[in-house]
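K.L.:
Sharing a structure below in structure tokens format, with a few things to ask.
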Amino acid sequence: MEFGSATPKYGLVSFTTVVAGDMASSYKAIMAGVVVLIAVAVGMGIWGYGNTIYPIDAALGYLTRAESAQTPEEVAKYVNLARADLPVKGNPVWSFPTARTDFGLIQLELDNIVSRANAISNVEPHSSAYNTGMEDMHVSLDSLQDNIIEALPYMYVSTTNMMFSVVWVAVIMGLFAVMRRGRAKYREEYES
Numbered sequence: 092m093e094f095g096s097a098t099p100k101y102g103l104v105s106f107t108t109v110v111a112g113d114m115a116s117s118y119k120a121i122m123a124g125v126v127v128l129i130a131v132a133v134g135m136g137i138w139g140y141g142n143t144i145y146p147i148d149a150a151l152g153y154l155t156r157a158e159s160a161q162t163p164e165e166v167a168k169y170v171n172l173a174r175a176d177l178p179v180k181g182n183p184v185w186s187f188p189t190a191r192t193d194f195g196l197i198q199l200e201l202d203n204i205v206s207r208a209n210a211i212s213n214v215e216p217h218s219s220a221y222n223t224g225m226e227d228m229h230v231s232l233d234s235l236q237d238n239i240i241e242a243l244p245y246m247y248v249s250t251t252n253m254m255f256s257v258v259w260v261a262v263i264m265g266l267f268a269v270m271r272r273g274r275a276k277y278r279e280e281y282e283s
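Letter by letter, the sequence shown follows residues 92 to 283 of the numbering used here.
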């Protein structure tokens with residue numbers, strides 16, 4: 092049963108159509124807000140990966156190249172490239188930090204590897220001292236890669252990322268609560 096306006100000046104307008112139209116436009120606005128929030132979250136995720144995780148991945152790539160390098164000059168070149176991409180200091184493991192994941196100590200070890208590479212470059216190639224030095228650097232680089240890989244997951248779970256995630260989830264839950272309340276109000280008005 093539809094009720095019309097009693098005022099002839101405004102014409103006959105169905106109230107159920109107006110209420111349903113308001114509900115649909117509110118629902119569309121809220122869904123547009125959800126889509127915008129999802130787009131912002133995806134954009135922030137890509138930005139965060141590009142600024143936090145990708146440089147570490149690039150440094151790991153350089154360290155892998157340094158580990159397979161055949162000359163001390165190549166080792167030093169790739170280690171210096173990796174040093175530029177790694178954080179200078181800090182420890183991403185904020186719950187129980189260890190020396191294995193401390194970037195200050197990792198940078199110090201990379202400095203030592205460059206020093207050893209420079210020292211070995213003056214030694215005659217294919218001598219036992221040269222081969223021992225190269226093997227020592229390769230083992231150290233492998234160990235450092237393991238340490239960086241151990242720290243990598245903690246970079247995803249930084250305090251900034253956690254706070255952003257909490258705010259994002261709270262806003263999404265708030266939008267869904269508003270949608271549910273609006274839908275209940277619409278049903279209440281429609282059924283009476």
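For each residue, glycine too, the CB sits at the ideal point set by N, CA and C.
All values reported here derive from a predicted model rather than from experimental measurement.
(1) Got a sec? Which residues, its chain only, sit under 7 angstroms from VAL262 by beta carbon, not counting five neighbours each side?
(2) Helix, strand or coil for ALA160? Go by DSSP, reduced to three states.
(3) Are the beta-carbon atoms belonging to TYR140 and ARG156 less than 8 angstroms from one another?
(4) What does a CB cutoff of less than 6 angstroms around ILE121 pick up in its chain, not counting 5 residues either side in sequence?
(5) Taking only three categories from DSSP, how would you classify GLY134?
(6) Please report the straight-line C-alpha distance between THR223 and SER249, rounded to a whole angstrom.
(7) Are the Cβ atoms of ALA167 and ASN209 separated by less than 8 angstroms?
(8) Pop quiz: GLU241 and ARG174 are said to be a contact at Cβ under 8 angstroms. What is the actual Cβ separation, rounded to whole angstroms?
(9) Do you know offhand how far SER105's Cα is from VAL126's?
(10) Given this structure, state the Cα-to-Cα distance separating MET253 from GLU226, to the nearest angstrom.
(11) Going by the beta-carbon positions, is the gap between ILE137 and ILE239 smaller than 8 angstroms?
P.N.:
Judging by the given coordinates:
(1) Cβ neighbours of VAL262 beyond the five flanking positions: LEU128.
(2) Residue state for ALA160 is assigned as coil, using DSSP reduced to three classes.
(3) For TYR140 and ARG156, no; Cβs fall outside 8 angstroms.
(4) For ILE121, where only same-chain residues beyond five positions count, the Cβ hits under 6 angstroms are LEU266 and MET270.
(5) DSSP places GLY134 in helix when its eight states are reduced to three.
(6) Using only the alpha carbons, I get a separation of about 40 angstroms.
(7) Judged by beta-carbon spacing, ASN209 lies within the 8 angstroms limit of ALA167, meaning their Cβ atoms are closer than that value.
(8) Taking a contact as a CB-CB distance under 8 angstroms, the pair GLU241 and ARG174 does not count as one, their CB atoms being some 18 angstroms apart.
(9) The predicted position of SER105 is uncertain, since its pLDDT is 46 and thus under 50; a value taken from the coordinates is nonetheless stated next. One C-alpha to the other measures close to 32 angstroms.
(10) So the two alpha carbons sit approximately 41 angstroms from each other.
(11) Taking 8 angstroms as the Cβ cut-off, ILE137 and ILE239 do not qualify as a contacting pair.
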